[in-house]
Amino acid sequence: MRIEDDFATKAEAAEAAEDIPSNPHLENSIGDVIYRRYGRRDVLKGTLAVTASTALFGRQALTSARAQDAAASSFNFTETQAGVDETHHVASGYDADILLRWGDPLFEDSPKFDPASLTAEAQLRQFGYNNDYVGFFPIDGASDRALLCVNHEYTNTELMFPGITARPDKNDFEEITRDRAEVEMAAHGITVVEIILKDGRWVPNRSSRYNRRITPLNTEMSVDGPAAGHRRMVTRADPSGRRITGTINNCAGGITPWGTYLTAEENFHGYFWTDKKDEDGKRLRKGLGGDQNASYERYGIPANWYNWGTYHDRFNVEKEPNEPNRFGWIVEIDPFDPASTPVKHTALGRFKHEGAECIVNSDGRVVVYCGDDQRSDYLYRYVSSGKVDPDDKAANMRLLSEGTLFVARFNVDGSVDWLPLLFGVGPLTPDNGFESQADVVIDARLAADLLGATPMDRPEDVQPNEKTGKVYVMLTNNKKRQLTGSAKEPRHRVNVANPRAVNLFGHIIELTPPNGDHGADKMVWEIMIRCGDPAVEAVGALWNEKTSADGWFAAPDNCAIDADGRLWVATDQGKGWKHTGKADGLYGVETEGALRATSKLFFRVPVGAEMCGPCFTPDAETLFLAVQHPASDGVKDYEPFGKERSTFEDPATRWPDFKDNMPPRPSVIAIRKQGGGKIAG
Ligand code: FEO
Ligand code: CA
Ligand code: CA
Numbered sequence: 007m008r009i010e011d012d013f014a015t016k017a018e019a020a021e022a023a024e025d026i027p028s029n030p031h032l033e034n035s036i037g038d039v040i041y042r043r044y045g046r047r048d049v050l051k052g053t054l055a056v057t058a059s060t061a062l063f064g065r066q067a068l069t070s071a072r073a074q075d076a077a078a079s080s081f082n083f084t085e086t087q088a089g090v091d092e093t094h095h096v097a098s099g100y101d102a103d104i105l106l107r108w109g110d111p112l113f114e115d116s117p118k119f120d121p122a123s124l125t126a127e128a129q130l131r132q133f134g135y136n137n138d139y140v141g142f143f144p145i146d147g148a149s150d151r152a153l154l155c156v157n158h159e160y161t162n163t164e165l166m167f168p169g170i171t172a173r174p175d176k177n178d179f180e181e182i183t184r185d186r187a188e189v190e191m192a193a194h195g196i197t198v199v200e201i202i203l204k205d206g207r208w209v210p211n212r213s214s215r216y217n218r219r220i221t222p223l224n225t226e227m228s229v230d231g232p233a234a235g236h237r238r239m240v241t242r243a244d245p246s247g248r249r250i251t252g253t254i255n256n257c258a259g260g261i262t263p264w265g266t267y268l269t270a271e272e273n274f275h276g277y278f279w280t281d282k283k284d285e286d287g288k289r290l291r292k293g294l295g296g297d298q299n300a301s302y303e304r305y306g307i308p309a310n311w312y313n314w315g316t317y318h319d320r321f322n323v324e325k326e327p328n329e330p331n332r333f334g335w336i337v338e339i340d341p342f343d344p345a346s347t348p349v350k351h352t353a354l355g356r357f358k359h360e361g362a363e364c365i366v367n368s369d370g371r372v373v374v375y376c377g378d379d380q381r382s383d384y385l386y387r388y389v390s391s392g393k394v395d396p397d398d399k400a401a402n403m404r405l406l407s408e409g410t411l412f413v414a415r416f417n418v419d420g421s422v423d424w425l426p427l428l429f430g431v432g433p434l435t436p437d438n439g440f441e442s443q444a445d446v447v448i449d450a451r452l453a454a455d456l457l458g459a460t461p462m463d464r465p466e467d468v469q470p471n472e473k474t475g476k477v478y479v480m481l482t483n484n485k486k487r488q489l490t491g492s493a494k495e496p497r498h499r500v501n502v503a504n505p506r507a508v509n510l511f512g513h514i515i516e517l518t519p520p521n522g523d524h525g526a527d528k529m530v531w532e533i534m535i536r537c538g539d540p541a542v543e544a545v546g547a548l549w550n551e552k553t554s555a556d557g558w559f560a561a562p563d564n565c566a567i568d569a570d571g572r573l574w575v576a577t578d579q580g581k582g583w584k585h586t587g588k589a590d591g592l593y594g595v596e597t598e599g600a601l602r603a604t605s606k607l608f609f610r611v612p613v614g615a616e617m618c619g620p621c622f623t624p625d626a627e628t629l630f631l632a633v634q635h636p637a638s639d640g641v642k643d644y645e646p647f648g649k650e651r652s653t654f655e656d657p658a659t660r661w662p663d664f665k666d667n668m669p670p671r672p673s674v675i676a677i678r679k680q681g682g683g684k685i686a687g
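Listed below in structure tokens is the structure:
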């Protein structure tokens, strides 16, 4: 497979379509039934789910809330204006302080940031690139002293280094020397840093004993669960199959009820590399997996986005064919023990993990919801075998080692079934290539295919709400979703939970577990919002009619629930913002009452950036947001810039410093209300 030629950055490459082996179990999907009965017009408009599920199944599957004039927003702020420009915008009455920028020192001895001559040694002592998920951990219950954990998902080579002309789709990496590749590696991973609230502003404490960088260059991790020590996890550097150097493409994550940090390895396939090329000189992307070829192709390995494999053999699939099996997991980190070894929990399955949000179930077990972010991939849930013990953190840290992984099948009657991925159960047997539970978790996607899971429109964050017991699933978009799908790719056919063909704008599904039981085999589902512009009929959007022209959005991605149980949604349109004319942002979304499915814009990012985070302090007085890859996505559609691609020398914005010779810098922001008080309170 090749990355499509029109992708100018790695962010866009990450969105690129992948060829997926056809799935024979989808031949008679609900999409066929609906399409035969309702036809092209309704499907294109996205109204299918209203008409079809109401008529076919006797229930109104979609919200159609009509706001009562008297209803008051639960989000008390004045909406900011949608649009795109070189900087960020927050609702009036709030301060948005830059807390941590790429390259900022994390230790007292950290070298000063010098963008003209980056080194891995310096980067290992500095804040990393492309901040994504943010986790806040109060120290001893304090509200003014805490640890912040931040994921550094990936790097934008052309914005980090001067003189880069290579593009990820050209497989031309001569400009990426070993030194530069190792700067990239050191800029990936996670930052743990203590922050202190001083005179109303959060600042990093560089002398804290907790501060730590975790990277794919030099951090040793252990492995537990069914795949630990399995032959498919063994490499020349690790005959035990239980020790892995580092973590990559850490997207979103979660905070456990026992105060540890979960980080999700998402597009890990992009880091694997081959020296083999086709007749046109293109690096191969298929047929390289040997006896693991079905697995390689299902995960898109190798994708050749980074040339680390030129210098580090483990990223070269000819030299270390099992190394890709050691990524794509959920990793647990104890931020309060800077000497601790992070653990890759294989019981939670291997896929392109978006996040890992937890909830303690009513019976004491911990439940973790996980999306697999690729077009027409699946929604998962992990349920621990043991129960949370509030007084035993060490025991709790084993809860992600033993439990059951489930995948979701959305039914036409408005129910969703959670199907267990268990070796020996149903089709997960040696006849189908599964020899053990290790094979099931390593090839969770192949197992879920056989179980008949529902292919979704790119599941991103999945967020349980402790206050209401409901769960929100962000489905960001899927331009490959088709009315009928092709014989080669039937998984892309519309289905009842993903009803819009060419879904450019995404939707949000609400799950309701019975009696708040997140371990239940069956739940109820409903599409709460179909995103996009409600004023354009062809878009087929569905919002509460009280949503303003500034308030609607597209491409829901990260999300959070605040202390009052309110849902906040961050967007990532990639270069697709040209379809909305809006930069990405953070929105307050009503989930209850007459205003259900109303949205309000609180914050928006500078051009080319994506909105990540969001993370609220327990007292709700600070909101941390991560602005990822400023000046990167879709910059040619930004009229004041208008060029194909930003570079170090000529970026579309120099946010947040706006200084000559300082490139744009991904940064974490701390937002507080002027004069104090709760955010939107
Ligand atoms: Fe890294 Fe799915 O966003
Ligand atoms: Ca994301
Ligand atoms: Ca994203």
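For the sequence shown, the working numbering assigns the number 7 to the initial residue and increments by one for each residue that follows. Don't be surprised by glycine CBs; every beta carbon is placed ideally from N, CA and C. Since the model is a prediction, treat every value here as computed from it, not as a measurement.
Of the residues PHE654, PRO612, ILE685, the one whose Cα lies closest to the Cα of GLN87 is PRO612. Per DSSP, reduced to three states, the secondary structure at VAL542 is coil, with no helix or strand assignment. Bridge pairing for ASP449: absent [DSSP]. The beta carbon of ARG320 lies closer than 8 angstroms to those of THR241, ALA243, THR251, GLU326, GLU329 in the same chain, with the five residues before and after it left out.
DSSP lists VAL389 as the beta-bridge partner residues of THR410. Across the set GLY522, ALA97, ALA78, the C-alpha of ALA97 shows the shortest separation from the C-alpha of PHE608.
Distance from the Cα of ASN211 is smallest, within the candidate group PRO222, PHE179, ILE145, for ILE145. With a cutoff of 8 angstroms on beta-carbon distance, PRO540 and TRP531 are scored as not near each other. When C-beta atoms of the region 381-394 are compared with those of the region 585-592, fewer than three pairs fall below 8 angstroms, so the two segments do not count as touching.
Following the DSSP letters along the chain, one finds LEU631 inside the beta strand (DSSP E) bounded by residues 628-634. GLU516 carries a strand assignment under DSSP once its states are collapsed to helix, strand and coil. A straight-line Cα-Cα distance of about 27 angstroms links ASN313 and CYS155.
Non-local beta-carbon contacts of ILE365 in its own chain, meaning distances under 7 angstroms to residues more than five positions away in sequence, involve VAL373, PRO470, GLU472, HIS524 in chain order. Distance between VAL500 and GLU543, taken at the CA atoms: about 19 angstroms.
In this structure, CYS565 has its CB at a distance of at least 7 angstroms from all heavy atoms of ligand 2.
Distances from the CB of ASP463 to the heavy atoms of ligand 1 are all 7 angstroms or more. Inter-residue distance for SER79 and VAL418 is about 33 angstroms (C-alpha atoms, whole angstroms). By the beta-carbon neighbour count (other beta carbons within 10 angstroms, threshold 16), SER301 is buried. Within 10 angstroms of the beta-carbon of ASN667 lie fewer than 16 other beta-carbons, which makes it exposed.
Between ILE196 and ILE104, the CB-CB gap reaches or exceeds 8 angstroms. Per DSSP, reduced to three states, the secondary structure at GLU114 is coil, with no helix or strand assignment.
The nearest non-hydrogen atom of ligand 3 is less than 7 angstroms from the C-beta of ASP578. Check the Cα spacing between SER213 and each of THR347, LEU510, PHE113: the tightest is with PHE113. Cα atoms of ARG215 and GLY491: separation of roughly 55 angstroms, rounded to the nearest angstrom. Contact between the region 279-287 and the region 163-173 is absent: fewer than three C-beta pairs spanning the two stretches fall below 8 angstroms. Counting the other CB atoms within 10 Å of its CB gives THR604 a total of 16 or more, which places it among the buried residues.
Under the DSSP assignment, THR163 falls outside any beta strand (DSSP E), being part of the alpha helix (DSSP H) whose first and last residues are 163-166. Counted as a single uninterrupted DSSP element, the stretch harbouring GLY580 is not any beta strand (DSSP E), since DSSP gives it neither H nor E. DSSP, reduced to helix, strand and coil, places PHE440 outside both helices and strands of the structure shown, so it counts as coil. Within 7 angstroms of the C-beta of ALA615 there is not a single heavy atom belonging to ligand 2. Excluding the 5 residues flanking it on each side, ASP379 has same chain C-beta neighbours closer than 7 angstroms at GLU272, LYS358, GLU360, ARG464, PRO465, GLU466, in chain order.
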